[in-house]
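Okay, structure first, notes after.
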Amino acid sequence: MKIATLNKGKETKYFNGYPLIEEEDIYSQDHLKEGDIFQIVTDKSQYVATAYVGRQHKGLGWVLTYDKAQQINTAFFVKLFNTALAERDYYFNIDGTNAFRLFNAEGDGVGGLTIDNYDGHLLIQW
1 MKIATLNKGK ETKYFNGYPL IEEEDIYSQD HLKEGDIFQI VTDKSQYVAT AYVGRQHKGL
61 GWVLTYDKAQ QINTAFFVKL FNTALAERDY YFNIDGTNAF RLFNAEGDGV GGLTIDNYDG
121 HLLIQW
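In the UniProt record's numbering, the protein residues as written are 1 to 126.
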């Protein structure tokens, strides 16, 4: 797996759950390309998180997990989507609305991804 090494002292916010990997926090990286999965490590090579490259304004990408043993595969994403759907299931039966957010980016575990439902039509933004 590719590696991105943090600048010394930048690890604290990520250890505290900060989801956006900021470009300015990275000391070195393994030629990361859009969509790559990579590990973030401290300047002493301590594991911090596993993330994906999804460049935007200030960010290099988004944390997917802080668990080094967690595999990033189809089952990982299915679990995230099923959890998000279960938490919003009641919206499907509410009178007075047919528009709501099904998946809310980093709040549901995949920063940069939102899925909105508009009367049965999905708007997916990545």
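For glycine and all other residues, C-beta sits at the position ideal for the given N, C-alpha and C.
Segments assigned beta strand (DSSP E), at least 3 residues, entirely inside the region 70–104: 99–104
N73 versus T50, Y90, G54, residue with shortest Cα-Cα distance: Within the sequence shown, residue 73 is the residue found at index 73, counting from 1. Nearest option by C-alpha distance: T50.
Hey, Y14 and I21: beta-carbon distance below 9 Å or not? On the sequence shown, position 14 is the one that residue 14 refers to. On the sequence shown, position 21 is the one that residue 21 refers to. Cβ atoms of Y14 and I21: closer than 9 Å.
9 Å Cβ cutoff met for G9 and Y66: The count along the sequence shown starts at 1 and reaches residue 9 at position 9. The count along the sequence shown starts at 1 and reaches residue 66 at position 66. Their beta carbons are not under 9 Å apart, which means G9 does not touch Y66 by this criterion.
Using a Cβ distance threshold of 8 Å, determine whether the region 74–89 contacts the region 41–61, with at least three qualifying pairs required. no
Ordered list of alpha helix (DSSP H) runs contained in the UniProt domain "RlmI-like PUA" (5–65), each at least 4 residues: 11–15
For D67, the three-state DSSP class (helix, strand or coil): The residue labelled residue 67 in the question sits at position 67 within the sequence shown. In the structure shown, D67 sits in coil (DSSP, three-state: anything other than H, G, I, E or B).
Below 6 Å CB to CB, which residues in the same chain sit around Y118 once its five sequence neighbours on both sides are set aside? What you label residue 118 is simply residue 118 of the sequence shown in a count that begins at 1. Excluding residues within five positions, the ones whose Cβ falls inside 6 Å are A99.
So, is E11 buried or exposed, given that buried needs 16 or more other C-beta atoms within 10 angstroms? As a position in the sequence shown, residue 11 is number 11, starting the count at 1. Its Cβ being crowded by 16 or more others within 10 Å, E11 is buried.
Is the CB-CB distance between V48 and G61 below 9 Å? Indexing the sequence shown from 1 puts residue 48 at position 48. Indexing the sequence shown from 1 puts residue 61 at position 61. It is not a contact, given that the beta carbons lie outside the stated cut-off.
Would you identify the three-state DSSP class for D116, choosing helix, strand or coil? The residue you call residue 116 lines up with position 116 of the sequence shown. Three-state result, D116: strand.
Rounded to a whole number of angstroms, what is the C-alpha to C-alpha distance between Y90 and L32? Numbered from 1 along the sequence shown, position 90 holds the residue referred to as residue 90. Numbered from 1 along the sequence shown, position 32 holds the residue referred to as residue 32. Going from the Cα of Y90 to the Cα of L32 covers about 40 Å.
Please identify the residue among L102, G109, G112, D108 whose C-alpha is closest to the C-alpha of H121. As a first step, residue 121 must be located in the sequence shown, where it is residue number 121. If we check each option's Cα against that of H121, L102 comes out closest.
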